[in-house]
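Peer 1: Can you read through this structure? Questions will come right after.
There are 2 protein chains.
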Amino acid sequence: MESKNNIKNFDKLLENYAKLAIEIGVNVQKDEDVLIKAPVEFPLFVQKLVKASYERGANEVFVEYKDENLLKLKYLNEKQNILNNVHDFEIEKLRYLYKERKVNVINVVGEDPDIFKDIDAKIIAQSNAKKSEKIKEFRKYTMNDIISWLVISIPTEKWAKKVFPNSKESVNDLWKEIFKTSRVDESYEKTKENWNKHIENLNKRADFLNSKKFKRLIYTSENGTNLHVNLPKNHIWLSAGSKNEKGNYFIPNIPTEEVFSAPDKFGVNGKLVATKPLVYNGVVINDFYFEFKDGKVINSFAKENNDTLNEMLNMDENSKYLGEIALVPYNSPISLSNILFFNTLFDENASCHFALGEAYPTCVENGANLNSEELEKIGLNTSVIHEDFMVGNKDLNITAINENNEEITIFKDGIWAF
Amino acid sequence: MESKNNIKNFDKLLENYAKLAIEIGVNVQKDEDVLIKAPVEFPLFVQKLVKASYERGANEVFVEYKDENLLKLKYLNEKQNILNNVHDFEIEKLRYLYKERKVNVINVVGEDPDIFKDIDAKIIAQSNAKKSEKIKEFRKYTMNDIISWLVISIPTEKWAKKVFPNSKESVNDLWKEIFKTSRVDESYEKTKENWNKHIENLNKRADFLNSKKFKRLIYTSENGTNLHVNLPKNHIWLSAGSKNEKGNYFIPNIPTEEVFSAPDKFGVNGKLVATKPLVYNGVVINDFYFEFKDGKVINSFAKENNDTLNEMLNMDENSKYLGEIALVPYNSPISLSNILFFNTLFDENASCHFALGEAYPTCVENGANLNSEELEKIGLNTSVIHEDFMVGNKDLNITAINENNEEITIFKDGIWAF
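So the sequence lines, in the order shown, correspond to chains A and R.
The first sequence begins at 22 in our numbering and counts up by one.
The second sequence begins at 22 in our numbering and counts up by one.
What follows is the structure, given as structure tokens:
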């Protein structure tokens with residue numbers, strides 16, 4: 022993967038992609054630390070991320086190379102009590118980096134969507150649930166935007182092959198899509214300009230929605246989706262970026278196209294039909310729907326990998342409630358590419374979506390200062406999972422109801438109506 | 022590197038090489054843990070090591086991917102106090118793995134011999150000295166063979182290019198040499214047989230030397246080497262393998278050709294002229310010699326990278342004393358290949374050598390139970406370094422003196438004389 026590459030000016034694009042991640046993504050400040058978790062497949066990108074971090078004056082950079090083949094071997098061979106365990110030295114590392122150093126966290130993704138398809142879904146689910154429980158105190162650092170965090174991708178061979186099964190240059194093809202959807206230009210100045218303009222556009226949408234203080238959204242589509250979603254009082258629509266505890270603006274997803282908030286966890290009723298597959302724990306869940314009553318999934322089915330879907334829904338007592346509502350027009354650049362990415366980072370930015378599980382507390386006023394009980398009271402869900410699934414399509418209509426019970430169409434035929 | 026490979030049955034050879042490391046190298050036992058530190062360049066070998074570990078019933082396998090390009094960026098950009106530091110979570114990990122779990126440690130090497138040639142030698146030396154000091158309590162676990170440990174190699178692109186600068190297939194060329202010198206066959210049964218025979222041969226040499234209880238060796242060569250080395254009372258010549266605390270036999274180096282012991286640190290006098298370059302901290306030190314008086318280096322010079330040599334000699338108060346004496350005939354398979362590997366694991370097994378710094382306490386009777394002061398008293402050196410350097414050549418003669426002052430030639434014209 023590292024050797025040949027026929028993309029014109031690849032090295033420059035890669036460098037700008039890395040600078041985008043460090044300078045605009047997590048927005049590293051002088052004397053801060055950086056933690057990079059990245060697939061082992063492409064060290065060159067990691068080296069460029071590290072270099073860009075030092076250029077911003079980073080104090081110390083930590084890198085954890087991930088090898089999903091080793092994780093698969095773990096699932097196949099280690100006892101469940103070992104799989105469920107988090108070592109003291111791992112917790113101490115999290116404590117030091119998250120609590121003490123308020124580290125910038127970059128998670129580079131590029132998973133093989135089918136990596137765990139032959140593994141018993143229960144084994145993985147139990148391991149994830151137990152481990153999440155043991156490190157849950159650190160989850161708030163990213164969920165509440167205390168620290169800067171970023172999810173960004175590189176094409177690995179197996180992921181690229183899944184996206185472009187008939188191409189002989191699937192990795193290159195995927196690089197091209199990543200650069201394009203991430204608005205990376207050969208000129209770094211132009212890349213920055215692209216992002217400033219993009220952020221401004223997304224913020225305008227969010228500002229409009231915030232000004233309206235809607236109390237409910239109604240989703241309808243010919244595929245069977247028919248859902249009423251209440252929004253919590255004082256909810257906030259967010260987009261693109263957020264400010265960390267120190268007040269520094271960062272962008273947690275590259276690419277990003279969404280305007281999102283949190284639903285009232287008890288105020289969701291009706292049916293939601295997914296329009297794209299969902300990759301969960303290295304398994305592709307496909308052709309599925311949920312039925313909600315007072316916020317809870319009371320019925321669901323997936324034609325493909327229904328058992329994995331069930332494991333996800335049963336991860337904890339709140340994993341059957343929604344935690345995110347996000348609006349993305351059907352004509353977003355990623356959507357227009359007409360490519361199914363089998364990767365949430367891309368597919369969620371091509372489609373209106375929801376997430377099951379934890380809500381971002383920053384989606385209500387003063388939410389970052391509330392504990393789980395207080396969040397629950399105002400309708401914000403807390404859970405060990407946060408799994409996006411896609412519901413957008415070209416005939417999705419969304420009607421919003423304001424405090425005076427006036428109806429305003431905000432999505433018409435899959436795209437923004439205002 | 023991972024993609025194309027024209028070596029016949031490469032995958033089978035690689036698998037047998039990994040099994041050799043796990044089953045004969047560290048000799049993993051049921052329910053033990055394994056720690057693998059390996060270059061990021063070739064995850065496939067790591068995956069095979071991990072798989073072989075589970076096949077032996079390993080409890081948990083830990084992998085740390087190493088990226089020397091990131092270490093170089095660290096040296097270039099981080100402040101010295103950061104470079105000198107070892108974090109609490111790193112020490113806790115060592116404590117858990119070494120002390121509590123008595124882990125099997127596999128260090129896969131494949132360094133670019135020139136990686137740090139542009140870095141100030143002082144920066145690296147200070148970082149290594151300070152870090153070694155902070156984790157010195159864990160050094161004894163390998164130096165005293167409390168746990169099983171192994172150094173083994175894979176060809177990385179830059180190392181292979183240094184060894185075979187004119188080859189277009191340098192990585193493949195180096196794989197071939199590694200498989201050959203490591204006695205790896207396409208049949209695993211044959212590989213095991215090769216090693217059993219090899220170990221037996223080396224043990225015979227060691228047994229002979231042990232039976233003679235020599236008190237002194239005298240080295241002479243036309244290149245200027247003329248050295249008297251006293252051996253401590255009750256010294257032991259070791260070869261190939263050793264037993265760990267639990268009594269399990271392991272082989273700490275693959276390949277291995279040496280029969281070695283510890284010199285009396287105060288009983289070394291004369292001149293030693295190196296016959297191969299030494300790669301230290303990513304810098305090639307070449308064309309060098311040492312003059313000893315009562316064990317201590319009192320004069321030295323390297324035509325190439327003398328400053329790095331000086332940093333090595335000044336790492337601590339004992340780094341100017343010898344800690345290992347090793348005999349390897351000039352006709353060893355690695356030597357016969359006539360290849361300069363720029364890697365101690367190979368070059369030391371092609372040549373008689375010594376090491377500056379720490380002695381292996383197991384080289385004297387009951388040594389593993391003695392503390393540094395007690396070891397010092399019987400002439401065994403302790404230091405933060407242990408750096409092998411090569412002195413063998415085709416006219417090296419070694420005469421041994423026994424307790425009755427009889428002279429016995431043990432090396433004649435570079436090879437065993439008995």
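Just so it is clear, CB atoms sit at the ideal spot from N, CA and C, and this is done for glycine as well.
1. Name the chain A residues that come within less than 8 Å of residue 61 of chain R, Cβ to Cβ?
2. Would you report the Cα separation of residue 221 of chain R and residue 262 of chain R, rounded to the nearest angstrom?
3. Against chain R, does residue 227 of chain A count as a neighbour if the rule is that its beta carbon must be under 8 Å from one of theirs?
4. Give a yes or no on whether 8 Å exceeds the smallest Cβ distance from residue 219 of chain A to chain R.
5. Mind listing the chain R neighbours of residue 109 of chain A? Cutoff is C-beta to C-beta under 8 Å, in chain order.
6. Helix, strand or coil: which one does DSSP assign to residue 258 of chain A?
7. Give the secondary structure of residue 303 of chain A by DSSP, where H, G and I count as helix, E and B as strand, and everything else as coil.
8. Determine the chain R residues that contact residue 72 of chain A at a beta-carbon separation under 8 Å, and present them in chain order.
9. Evaluate contact between the segment 426-436 of chain A and the segment 179-195 of chain R, counting only Cβ atoms and requiring at least three cross-stretch pairs below 8 Å.
10. Name, in chain order, the residues that DSSP records as bridge partners for residue 241 of chain R.
11. When DSSP labels each residue in this structure, what does residue 87 of chain R get in the three-state scheme?
12. Would you kindly report the start and end of the unbroken alpha helix (DSSP H) that includes residue 277 of chain R?
13. Measuring alpha carbon to alpha carbon, tell me which residue in R:285, R:341, R:406 and R:421 is nearest residue 397 of chain R.
14. Give me the DSSP bridge partner(s) of residue 216 of chain R.
15. Looking at C-alpha atoms only, which residue of R:55, R:416 and R:59 is the closest neighbour of residue 243 of chain R?
16. Using C-beta distances below 8 Å, list every residue in its chain close to residue 66 of chain A, excluding the 5 sequence neighbours before and after it, in chain order.
17. What does DSSP give as the partner residue(s) for residue 342 of chain A in the beta ladder?
18. Can you tell me whether residue 357 of chain R is buried or exposed? The criterion is at least 16 other CB atoms within 10 Å of its CB, across all chains shown.
19. By alpha-carbon positions, which one of A:134, A:382 and A:125 ends up nearest to residue 70 of chain A?
20. So, for residue 248 of chain A: in the same chain, excluding its five sequence neighbours on each side, which residues have a beta-carbon less than 6 Å away from its beta-carbon?
21. Return the CA-CA distance between residue 410 of chain A and residue 143 of chain R, expressed in angstroms with no decimal places.
22. With 16 as the cutoff for other CB atoms within 10 Å, does residue 297 of chain A come out buried or exposed?
23. Near residue 428 of chain A, which residues of its chain fall below 8 Å by C-beta distance, leaving aside the five closest residues on each side in sequence?
24. Between R:354, R:166 and R:185, which has its C-alpha nearest residue 384 of chain R's C-alpha?
25. What is the DSSP secondary structure of residue 410 of chain A, reduced to helix, strand or coil?
26. Have a look at residue 44 of chain R and residue 72 of chain R and give me their C-alpha separation to the nearest angstrom.
27. Give a yes or no on whether the minimum CB-CB distance between residue 103 of chain R and chain B is below 8 Å.
28. So which residues of chain R does residue 90 of chain A contact, with C-beta pairs closer than 8 Å?
29. Decide if residue 24 of chain A is buried, meaning its Cβ has at least 16 other Cβ atoms within 10 Å, or exposed.
30. Suppose contacts are defined by Cβ-Cβ distances below 8 Å. Is residue 275 of chain A in contact with residue 79 of chain A by that definition?
31. Does the segment 370-382 of chain R come within contact of the segment 342-354 of chain R, defined as at least 3 CB pairs closer than 8 Å?
32. Quick one: which chain A residues come within Cβ less than 7 Å of residue 81 of chain R?
33. By alpha-carbon positions, which one of A:376, A:387, A:303 and A:338 ends up nearest to residue 138 of chain A?
34. What does DSSP give as the partner residues of residue 58 of chain A in its beta bridges?
35. Against chain R, does residue 162 of chain A count as a neighbour if the rule is that its beta carbon must be under 8 Å from one of theirs?
36. Please go through the same chain and pick out, in chain order, the residues whose beta-carbon is closer than 7 Å to the beta-carbon of residue 198 of chain R, but skip the five residues on each side of it.
Peer 2: Reading off the structure:
1. 61, 64 and 86
2. 10 Å
3. no
4. no
5. 113 and 117
6. coil
7. coil
8. 94
9. no
10. R:247 and R:418
11. strand
12. Premise fails: residue 277 of chain R is in no alpha helix (DSSP H) and is neither H nor E.
13. R:285
14. The partner list for residue 216 of chain R (beta bridge, DSSP) is empty, contrary to what the question assumes.
15. R:416
16. 35, 38, 39, 59, 129 and 175
17. A:317
18. exposed
19. A:125
20. 240, 291 and 293
21. 54 Å
22. buried
23. 420, 421 and 422
24. R:166
25. strand
26. 12 Å
27. Chain labels in this structure do not include chain B; the protein chains are A and R.
28. 64 and 68
29. Because residue 24 of chain A sits at a pLDDT of 43, beneath the cut-off of 50, its placement in the model cannot be relied upon, and the following sentence gives the value as read from the coordinates. By the neighbour-count rule (16 or more Cβ atoms within 10 Å), residue 24 of chain A is not buried but exposed.
30. no
31. yes
32. 99 and 103
33. A:303
34. A:85 and A:128
35. no
36. 358 and 360
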